[in-house]
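2 protein chains.
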Amino acid sequence: MKSVLEIAECARTAALSLAEAPSERKNSALKKIAAALRAESSAIIAANAKDMAKAEESGLSKAMLERLSLNAAKIEAMAKGVEQVAELPDPVGEILGEWTRPNGLNIQKVRVPIGVIGIIYESRPNVTIDCAALCLKSGNAAILRGGSESFLSNKALAEVISKSLGESGLNPDCVQMIPTSDRSALGELLKLDKYVNCIIPRGGEGLIRYVVANSTIPVIKHYKGVCTVYVDKDADFRKADILAIDSKCQRPGVCNAAENLIVHRDIAESYLPEIGKLLSERGVELCAAENAKKILDAAGIPCAAAADEDFYAEYLDLKISVDIADSAEAAAAFINKYGSGHSDLIVTENSETAESFMRAVDSSTVYWNASTRFTDGFEFGMGAEIGISTDKLHARGPMGLAELCSYKYKVRGDGQTRGKPAFD
Amino acid sequence: MKSVLEIAECARTAALSLAEAPSERKNSALKKIAAALRAESSAIIAANAKDMAKAEESGLSKAMLERLSLNAAKIEAMAKGVEQVAELPDPVGEILGEWTRPNGLNIQKVRVPIGVIGIIYESRPNVTIDCAALCLKSGNAAILRGGSESFLSNKALAEVISKSLGESGLNPDCVQMIPTSDRSALGELLKLDKYVNCIIPRGGEGLIRYVVANSTIPVIKHYKGVCTVYVDKDADFRKADILAIDSKCQRPGVCNAAENLIVHRDIAESYLPEIGKLLSERGVELCAAENAKKILDAAGIPCAAAADEDFYAEYLDLKISVDIADSAEAAAAFINKYGSGHSDLIVTENSETAESFMRAVDSSTVYWNASTRFTDGFEFGMGAEIGISTDKLHARGPMGLAELCSYKYKVRGDGQTRGKPAFD
Chain A
1 MKSVLEIAEC ARTAALSLAE APSERKNSAL KKIAAALRAE SSAIIAANAK DMAKAEESGL
61 SKAMLERLSL NAAKIEAMAK GVEQVAELPD PVGEILGEWT RPNGLNIQKV RVPIGVIGII
121 YESRPNVTID CAALCLKSGN AAILRGGSES FLSNKALAEV ISKSLGESGL NPDCVQMIPT
181 SDRSALGELL KLDKYVNCII PRGGEGLIRY VVANSTIPVI KHYKGVCTVY VDKDADFRKA
241 DILAIDSKCQ RPGVCNAAEN LIVHRDIAES YLPEIGKLLS ERGVELCAAE NAKKILDAAG
301 IPCAAAADED FYAEYLDLKI SVDIADSAEA AAAFINKYGS GHSDLIVTEN SETAESFMRA
361 VDSSTVYWNA STRFTDGFEF GMGAEIGIST DKLHARGPMG LAELCSYKYK VRGDGQTRGK
421 PAFD
Chain B
1001 MKSVLEIAEC ARTAALSLAE APSERKNSAL KKIAAALRAE SSAIIAANAK DMAKAEESGL
1061 SKAMLERLSL NAAKIEAMAK GVEQVAELPD PVGEILGEWT RPNGLNIQKV RVPIGVIGII
1121 YESRPNVTID CAALCLKSGN AAILRGGSES FLSNKALAEV ISKSLGESGL NPDCVQMIPT
1181 SDRSALGELL KLDKYVNCII PRGGEGLIRY VVANSTIPVI KHYKGVCTVY VDKDADFRKA
1241 DILAIDSKCQ RPGVCNAAEN LIVHRDIAES YLPEIGKLLS ERGVELCAAE NAKKILDAAG
1301 IPCAAAADED FYAEYLDLKI SVDIADSAEA AAAFINKYGS GHSDLIVTEN SETAESFMRA
1361 VDSSTVYWNA STRFTDGFEF GMGAEIGIST DKLHARGPMG LAELCSYKYK VRGDGQTRGK
1421 PAFD
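Respectively, the protein sequence lines represent chains A and B. In case it helps, my numbering puts the first sequence at residues 1 to 424. In case it helps, my numbering puts the second sequence at residues 1001 to 1424.
In structure tokens:
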């Protein structure tokens, strides 16, 4: 069994050759992975059954068990996902800029892979395949470190990948798994900045904070998604209804679902009862600040009292915090204070207010009259995503293949020197 | 005196308004800073004299004292630098991409400031002004934390900046200094990821490693510059002489100076004595691996024996490590092993070899027939630089104003929902 250090060294070697691999070879490997997933479906499901048995014994929650479980349909979906990645254009080698300096130096900025990417994730085994496919396509070697509960499932999936890589003439070390779920192995990996160029943690805030606090390798992440819907005084209320309902209810357990609803002061009396009723009818629990609560109470809409910390909360559930803002500027200030910089929405028919709100809100994505649920690589047209970043360095918002790349400068000259040449 | 936490909170507030400040206001502040530097020149020099006296007492090296000292000419150069930054185009607000999705959503990717940037640096007080100017122009609030030896000089410079900001109608908290040189204050700053978006450390490798190990805020950095000149078998030797001499000798104390010289096996017998003699004559100490040493010894060129670790060394001095490579591929592998991913050069007249070398070398900048000394924001045409990154996330190579920015997505819709709309 390789040590974590050996895995990282092998990944660096694999990354250097993968960076130069032609698109066809990478695509052929992806197609082989998809085929092997289908061929090995029963073996993968058998490995998953062992994980499931152990997880049930250890009392994992029903939601977690559902995330962990694999079946033929889920494996087919993975295989299709990998084939879709194969169809996407190769981001590597694109010339991002080119210019010639007065001294004749030609400077070319070329997109290249990041190198070695460590993916740290929790229970869902499909992350193994999704991330491996995206890293491979973008020319990056991947080191995968999944959760202990999905260890055998991940191992089975990693074996499928390794075998397919070898058959395609790629180094099997392009995708490796940390062969233990021991946390000390993770701690060791996070210090190997000599070999690993980037860490992407996917999971709960606790895991991500652990990774950030312990990593000397740059991390791309989002801690949580606290998204706000702001209904302006100039909103089309039917549009506001539709957008608030979609942002909150369409899939409440995800990071781009709304957690806060803010309504302009001038329309609070009339609109809060309307939207409060619609959300309540859909099973959404309301939790309102004092002034908003008075209005909702008066209208007979069930609603709890919100404390200040409730506006920082990521419920991931049918629950929303409600408040009133004095202006669109005040709503933007609210979002910049309580939000997580993920996705926020203004509903208004006033374009001046909308533009000013979109400038003022310091989030990865600011919506005007569209649901917050669109923050997603597929919905943005990137074809796929490895995650969403609320960081402001490197990538912000949905991260597709281009965001899994770096660049380098190629500078072509004819003997140019910075000082006077030693000989003329 | 503000606490570190209060400084960070104030910086966040200042950053949000600075992000929306028009170019004219930022430029006017920069011009006021330049004028104030000139007007307050004697006061700044007086403050610096106190730092110098203390530094001399504490036995700081001559090189460090020279870096620390300010005089009228250095202050004039700072003022000119700030005026040049004012003349550069404003990077903020540029539309980096725009597309419309089949559902009618219009997605715009817009360049915005990063937010709050912490600059951690050592003795040179001019960094205070350079970094403040670049952060200001790119719309970022800066928190400056200089070294203890330049504390009073930095304080005097920071006062000039604050006063000029106020006079230009900008929040003086756009540029703040940590009012103590206590290391615990630095430790505290590095954990304030809620308010600070990016840390840029500038200084020795020890300082930078401390920052990376202790920061929960993303860091952009380069640890060191170990740059290699590779002379290929198809090189024009006169060009190789000129480029090796410029890369090594033009300014040996900087990160883009060459530290390693590699020569192709086929030409080692003829070329090593030639370049060895030329470098020796210029005071360069040679340190060669066994096979290279044999050839240099036979030619009577003074040369020490190199150990493996010498090829990782950043001499920052008139000293170079020398070795022989079996091929251009082997030279690239040497660089990917020993180099620091900064700037590397192939000298060859063979374009196929050059292109393949530029693909294989995993460095921020790869040169073909031009000196490694060109890796620099001004030389690249960026107008200025805040530093050089050997990271692969966010910015790689010289970092100008654009690299001090992030982006956000503005998404404009007309009621689009991810799910079926609640009402039709």
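Ideal Cβ placement from N, Cα and C applies to all residues, glycine included. What you are looking at is a predicted structure, and each value in this text was computed from that prediction instead of being measured.
- Under the three-pair Cβ rule at 8 angstroms, the region 1212-1224 of chain B does not count as touching the region 1407-1419 of chain B.
- Under the 8 angstroms Cβ criterion, the region 244-253 of chain A does not count as touching the region 262-274 of chain A, having fewer than three qualifying pairs.
- Contacts between M1399 of chain B and chain A, judged by CB atoms closer than 8 angstroms, are missing: the closest CB pair is about 11 angstroms apart.
- Secondary structure note for T128 of chain A: its alpha helix (DSSP H) is the uninterrupted segment N126 to K137.
- In summary, T1128 of chain B is buried, with 16 or more beta-carbon neighbours lying within 10 Å of its beta-carbon over all protein chains present.
- Within the region 250-298 of chain A, the runs of alpha helix (DSSP H) at least 4 residues long that lie entirely inside it are, in chain order, 265-281 and 290-298.
- In terms of beta-carbon proximity, D391 of chain A lines the interface with chain B, with at least one pair separated by less than 8 angstroms.
- Residues of the region 105-121 of chain A with a C-beta atom less than 7 angstroms from some C-beta of chain B are L105, I107, I114 and G115, listed in chain order.
- Close partners of S363 of chain A in chain B (Cβ separation under 8 angstroms): K1408.
- Contacts between Y1367 of chain B and chain A, judged by CB atoms closer than 7 angstroms, involve V411 and G413 in chain order.
- Look at E20 of chain A: its C-beta is under 8 angstroms from a C-beta on chain B.
- For the alpha helix (DSSP H) assignment, the uninterrupted runs of no fewer than 4 residues enclosed by the region 19-75 of chain A are, from N- to C-terminal side, 23-39, 41-57 and 62-68.
- About 10 angstroms separates the beta carbons of C1198 of chain B and I1143 of chain B, which is beyond the 8 angstroms limit, so they are not a contact pair.
- Within the region 124-206 of chain A, the runs of beta strand (DSSP E) that reach at least 3 residues and sit entirely inside it are, in chain order, 141-145, 175-177 and 198-202.
- In the displayed model, I1335 of chain B falls within a helix according to three-state DSSP.
- Under DSSP, the beta-bridge partners assigned to V1112 of chain B are B:S1406.
- Where S1356 of chain B is concerned, the enclosing alpha helix (DSSP H) starts and stops at S1351 to A1360.
- The C-beta of A1213 of chain B comes closer than 8 angstroms to at least one C-beta of chain A.
- Chain A has no Cβ within less than 8 angstroms of the Cβ of P1089 of chain B.
- In this structure, the straight-line span from the alpha carbon of C1131 of chain B to that of I1386 of chain B is close to 6 angstroms.
- Within the DSSP bridge table, the entry for I1120 of chain B names B:R1145 and B:P1201 as partners.
- Across the set A:D193, A:K26 and A:K221, the C-alpha of A:K221 shows the shortest separation from the C-alpha of I120 of chain A.
- Note that the C-beta distance between L30 of chain A and K137 of chain A is below 8 angstroms.
- Cβ contact annotation for V110 of chain A (same chain, cutoff 8 angstroms, sequence separation greater than five): G93, E94, I95, L96, Y407, K408, Y409 and K410, in chain order.
- Per DSSP, the unbroken beta strand (DSSP E) holding C227 of chain A starts and ends at C227 to V231.
- For V1211 of chain B, the secondary structure class from DSSP, reduced to helix, strand or coil, is helix.
- The beta carbon of L1316 of chain B is closer than 6 angstroms to those of G1253 in its chain, skipping five residues each way along the sequence.
- Residue A:Q84 holds the alpha-carbon nearest to the alpha-carbon of G400 of chain A among A:I45, A:A292 and A:Q84.
- Across the structure, G139 of chain A and M177 of chain A are spaced so that their CA atoms are roughly 17 angstroms apart.
- Annotation for P398 of chain A: the continuous beta strand (DSSP E) segment containing it runs G397 to M399.
- E1098 of chain B is bridged by DSSP to B:Q1108.
- Nearest neighbour of I1114 of chain B by Cα position, chosen from B:W1099, B:Y1195 and B:K1191, turns out to be B:Y1195.
- Residue nearest to K32 of chain A within the set A:I324, A:S168 and A:A240 is A:S168 (criterion: CA-CA distance).
- Judged by pairs of C-beta atoms under 8 angstroms, the region 1371-1383 of chain B does not touch the region 372-391 of chain A, as fewer than three such pairs exist.
- With at least 16 other beta carbons inside 10 angstroms of its own, G1146 of chain B counts as buried.
- For K221 of chain A, there is no enclosing beta strand (DSSP E), as DSSP gives it neither H nor E.
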